[in-house]
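Undergrad:
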Amino acid sequence: MILSVLYFIYVVSLGSSRMIGDEIGGDPGGMLLPLVLSIFMFIASTILFITDRADDAYRSGGVQKSQRGLFILTIVVSVLYVALMRHVGFIVTTNILLVTLTFAYMREGVKREDLALWGGGVVGSLALLIAIYTIGRRVTRYLLLASRQGVIPKFLGSNGMTFGITLVLVGILFALVYIAGKKLLSRHDAAAPIHSLFQAGFIAMVSTELLYLIFRQLFLVELVRGIISW
Amino acid sequence: MENAFLAGLAQIANLSTLLWMSIGSVVGILLGALPGLTATMGVALMMPISFQLPTATGIGLLLAVYCGAVSGASIPAILLGIPGNPNAIATVEDGLLMTKKGKAGQALGGAVVASFIGGIGSLIALVLFSPLIARLTLAFGPAEKTTLALVGLVIIASVSGKNIWKGLLMGAFGMGLAFLGTDPFSAQVRVPFASVLSRTPLASGLDLTSTLIGLFGISQVFYELRKRFEPPQPVQPIEVKDIFPPFKKIASMWKIILSSLGIGTVIGAIPGTGASIAVFMAHNSAKNITESSNGKLDLVGTGSLEGVFAPEVANNAVTGGALIPALALGIPGDAATAVLIGALMIKGVTPGFHLFATNMSLVYAIFLTMLVANIFMALFQLLGVRLYPKILSVPEQLLLPQILVLSFIGAYAIAGQATTVGIYNLGIALVMGLIGYALKRDDYPIAPIVLGLILGGMFEENFRRAVKLAGGNYLVFFTKPICLLFIGLSILSVVLPILSRRKKAKQ
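From first to last, the protein sequence lines are chains L and V. Okay, so the first sequence: first residue is 1 according to my numbering, each after it adds one. Okay, so the second sequence: first residue is 1001 according to my numbering, each after it adds one.
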């Protein structure tokens, strides 16, 4: 109801604009429909305000108390992701978002004792991801340059081929990281939080790199580089 | 016509299209199988990828996701008794009973065959009727188009959700969002805080894809976060040898198949109704048919293949049915086809007679991709019948962050090389996600917002053109028979649900 009033004020403040070339008149102007809409929205929301209380049973309910921490964390991390992506870059922000949320969801809450572990996980997965990303970039650049110079067949420098070759290579590297990680963690209890962190970090790395390869290398979308400028 | 068909065939008969459609089909089945994730969300999430592809390939990808998701919803419905999305609600009863009897394989296989029959049957209706309906729009001027947009909006607003006022309010909200941006006739910037925002990408209005991704993708993540994560339920192993139902059995169900096909196609073609209504109607009709079959058919409700076949034929028949008004009139049959129309419009393709008259090859390409989407849906679901149930064991905790990031990257990627626009799109998607969450929480339907967004522009442009052509006479809409018909339909679609609700309340 408040929104519809605000919308009404906004529409009136905008003023009406007439069709270009409407010297003889007839155009209802650009304000009429938004104005009618705001009045209708006010009437509908007033009716709902009066009648909808009876329908409260239908509502699916708000956030459960136990989930509030995760809910707020998701909003905060999402806002930071949107705000920082331009400056920090796609690779870093996406990886941090995925590690943070996956780990927190797996631990079913935001726990103070997990903070140090989470910090280590973010740094570790980021370092590994940047290393693998750098190798992937170098391979891609080599393929592009070498195919242009005629060192390797030209088709190997096409979008699809560089994407495919880099994908296979980083796939092998991720598999090695996974095997090594599993071996290192085998002495820890299966229920220990470090296992959740490893899983979260690994999934975050693979997802970030895969999204990068698909959107940057295959579809040529300009993903923000930020601090990873190479 | 032959040339147009061959040109349409050429647009899709290539490795790239088939590969992307295969991916779309598998992604759709997986999304459909995951409880809580809808076909609309799947289509919205794949939209950014479709823009990077040629038009026919991109639409093929989206149709493959759509058909796959509608069909994939039967997997958890049969194995766990939890429908992947509302399309499979009516499959639960007999599907789960069949699983308990040890016939899960046959139920899953039967659902695939039924979905395929439904999809192909409705495709035939789409091919036959959409050009005819599109031809009718030749008689439409700006006044008729205004009232057509109105009727599409009002019908979907009045039938979606439990409270008609909520639906209408959401339709109006969607139109309000569509009016943001630049006035199409005077180029005046219509955004709040215009002195600041007119210098940003928001001056040209809200990006449709980012808005849809926010409303369907991001909002779902927040919605699922409301309650405690539940551990995935165990799924029993499936006997592979029993998957295909005997042909004799399928043939004996011809009455059920035909009635479900008819129900699904017709309901799908009515804007706003959707599969969740069609499946119950088909289920009821099958119940009546089996009861009067004198024992020739197994009774629906007793764990019979008939009870799985009826809703599964109907829900996939909705896919073709919903595309009839979408392609012919630009009025989507359901939320998923609304997103498909959005994808077409962003590609510069406007549904309606103009599309049939000037770009028939693309229309044929869409028909053909629908055929391929159904074939792939059946093929991949049968091939992976033992694998897809495993997706049900993936915990929600791992899926939700992935959906969130996919939504963000999708909203960003629409901008392509324009990073500033991409960042604004991220913001739009996040804000819309939070709005979508708040609306879902309070039981407001989302589909009317999408309709408002898509039809708002069409409504405003034609309204102003019609009044201008009539010399400023607002009564022009009451002087034309087609307009009167549409206005009558709009009034009826508001009044009838109110009256029926009052009648129910009195009873």
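The beta-carbon is built from N, C-alpha and C at its ideal position, and this holds for glycine as well.
For Thr162 (chain L), would you say it is in contact with chain V, using Cβ-to-Cβ distances shorter than 9 Å as the test?
TA: False, the Cβ-Cβ gap to chain V never drops below 9 Å.
Undergrad: Run the CB neighbour count on Asp1183 (chain V), radius 10 Å, all protein chains shown included, and call it buried at 16 or more, exposed below.
TA: Label assigned to Asp1183 (chain V): buried.
Undergrad: How many Å lie between Pro1131 (chain V) and Thr1137 (chain V) at the Cα?
TA: If you take the alpha carbons of Pro1131 (chain V) and Thr1137 (chain V), they lie about 10 Å apart.
Undergrad: Secondary structure at Val224 (chain L), three-state DSSP: helix, strand or coil?
TA: Of the three classes helix, strand and coil, the one that applies to Val224 (chain L) here is coil, per DSSP.
Undergrad: Sorted by chain position, which residues of the same chain lie with C-beta nearer than 8 Å to Ile152 (chain L)'s C-beta, five sequence neighbours on each side aside?
TA: Answer for Ile152 (chain L): Leu143, Ala146, listed in chain order.
Undergrad: Over the uninterrupted alpha helix (DSSP H) stretch that includes Arg1501 (chain V), give me the two end residues.
TA: 1481–1506 is the span of the alpha helix (DSSP H), which, as asked, contains Arg1501 (chain V).
Undergrad: DSSP three-state call for Val1189 (chain V): helix, strand or coil?
TA: Residue state, collapsed to three classes: strand.
Undergrad: Determine the burial state of Ile227 (chain L): buried for a count of at least 16 other Cβ atoms within 10 Å of its Cβ, exposed for fewer.
TA: By the 10 Å Cβ count, Ile227 (chain L) comes out exposed.
Undergrad: At which residues does the alpha helix (DSSP H) containing Lys1103 (chain V) begin and terminate?
TA: No alpha helix (DSSP H) holds Lys1103 (chain V); DSSP gives it neither H nor E.
Undergrad: Distance check for Ser17 (chain L) and Ser1186 (chain V), CA to CA, integer angstroms please.
TA: Answer to the nearest angstrom: the Cα atoms are 6 Å apart.
Undergrad: If we count Cβ pairs, one from each stretch, closer than 8 Å, do we get three or more for the region 202–216 of chain L versus the region 120–131 of chain L?
TA: At 8 Å Cβ cutoff, the stretches touch.
Undergrad: Please report whether the beta-carbon of Met85 (chain L) lies at a distance below 9 Å from any beta-carbon of chain V.
TA: Closer than 9 Å: yes.
Undergrad: Specify whether the region 1063–1075 of chain V and the region 1033–1050 of chain V touch according to this definition: at least 3 beta carbon pairs, one from each stretch, less than 8 Å apart.
TA: These segments touch.
Undergrad: Beta carbons nearer than 9 Å to chain L: which residues of the region 1154–1183 of chain V have them?
TA: Within the region 1154–1183 of chain V, the qualifying residues are Lys1162, Asn1163, Trp1165, Lys1166, Leu1168, Leu1169, Ala1172, Phe1173, Met1175, Gly1176, Phe1179, Asp1183.
Undergrad: Cβ of Leu218 (chain L) within 8 Å of any heavy atom in the ligand SAH?
TA: Of ligands this structure carries none, so the ligand SAH is not represented either.
Undergrad: What whole-angstrom Cβ distance do Glu1460 (chain V) and Leu33 (chain L) have, given they're in contact under 8 Å?
TA: Their Cβ separation, rounded to whole angstroms, is 5 Å, which keeps Glu1460 (chain V) and Leu33 (chain L) in contact under 8 Å.
Undergrad: To the nearest angstrom, how far is the alpha carbon of Val1467 (chain V) from that of Pro1076 (chain V)?
TA: Approximately 52 Å, taken between the alpha carbons.
Undergrad: Comparing the C-beta of Met41 (chain L) with each C-beta of chain V, is any distance below 9 Å?
TA: Met41 (chain L) counts as touching chain V.
Undergrad: What residue ranges within the region 1398–1477 of chain V form continuous alpha helix (DSSP H) runs of no fewer than 4 residues, ordered along the chain?
TA: Counting whole runs of 4 or more residues, the region 1398–1477 of chain V contains the alpha helix (DSSP H) stretches 1419–1441, 1447–1469.
Undergrad: Given a threshold of 16 other Cβ atoms within 10 Å of its Cβ, counted over all protein chains shown, does Phe1463 (chain V) qualify as buried or as exposed?
TA: Phe1463 (chain V) is buried by the Cβ-count criterion.
Undergrad: Measuring CA to CA, which of V:Leu1340, V:Pro1351, V:Leu1123, V:Ile1391 is closest to Val1313 (chain V)?
TA: Out of V:Leu1340, V:Pro1351, V:Leu1123, V:Ile1391, V:Leu1123 has the C-alpha closest to the C-alpha of Val1313 (chain V).
Undergrad: Around the Cβ of Ala1114 (chain V), are there at least 16 other Cβ atoms within 10 angstroms (buried) or fewer (exposed)?
TA: By the 10 Å Cβ count, Ala1114 (chain V) comes out buried.
Undergrad: Pick helix, strand or coil for Thr1057 (chain V), following the three-state DSSP scheme.
TA: The answer is helix: DSSP assigns Thr1057 (chain V) an H, G or I state.
Undergrad: Here's the rule: buried if 16 or more other CB atoms are within 10 angstroms of the residue's CB, otherwise exposed. What is Arg148 (chain L)?
TA: Answer is exposed; the Cβ neighbour count stays below 16.
Undergrad: In whole angstroms, what is the alpha-carbon distance linking Ala1064 (chain V) and Ile1012 (chain V)?
TA: Rounded to the nearest angstrom, the two C-alpha atoms are 13 Å apart.
Undergrad: Cutting at 7 Å between CB atoms, please list the residues of its own chain near Ser45 (chain L), excluding the five before and the five after it.
TA: The residues are Met1, Ser4.
Undergrad: Assign Thr1290 (chain V) to one of three DSSP states: helix, strand, or coil.
TA: Thr1290 (chain V) falls in the helix class under three-state DSSP.
Undergrad: Can you list, in chain order, the residues of its chain whose CB lies under 6 Å from that of Phe1216 (chain V), leaving out five sequence neighbours each side?
TA: So the qualifying residues of the chain are Thr1040, Met1041, Ala1044.
Undergrad: Measuring CB to CB, does Val1279 (chain V) end up less than 9 Å from Asn1087 (chain V)?
TA: Result yes, Cβ atoms of Val1279 (chain V) and Asn1087 (chain V) sit closer than 9 Å.
Undergrad: Leaving aside the five residues before and after Gly1081 (chain V) along the sequence, list all residues of the same chain whose C-beta is less than 6 Å from its C-beta, in chain order.
TA: Counting only Cβ-Cβ distances below 6 Å, and skipping sequence neighbours, we find Val1092, Leu1096.
Undergrad: Is Gly160 (chain L) helix, strand or coil by DSSP?
TA: The answer is helix: DSSP assigns Gly160 (chain L) an H, G or I state.
Undergrad: Would DSSP call Thr102 (chain L) helix, strand or coil?
TA: Helix, per DSSP.
Undergrad: Determine the DSSP secondary structure at Gly150 (chain L), reduced to helix, strand or coil.
TA: The answer is coil: DSSP assigns Gly150 (chain L) none of H, G, I, E or B.
Undergrad: Nearest-angstrom Cα distance between Val1450 (chain V) and Gly1171 (chain V)?
TA: So the alpha carbons of these two residues sit roughly 8 Å apart.
Undergrad: Quick one: give me the first and last residue of the alpha helix (DSSP H) that Pro1311 (chain V) is part of.
TA: Residues 1305–1329.
Undergrad: State the start and end residues of the unbroken alpha helix (DSSP H) segment that holds Trp1254 (chain V).
TA: Per DSSP, Trp1254 (chain V) belongs to the alpha helix (DSSP H) from 1254–1269.
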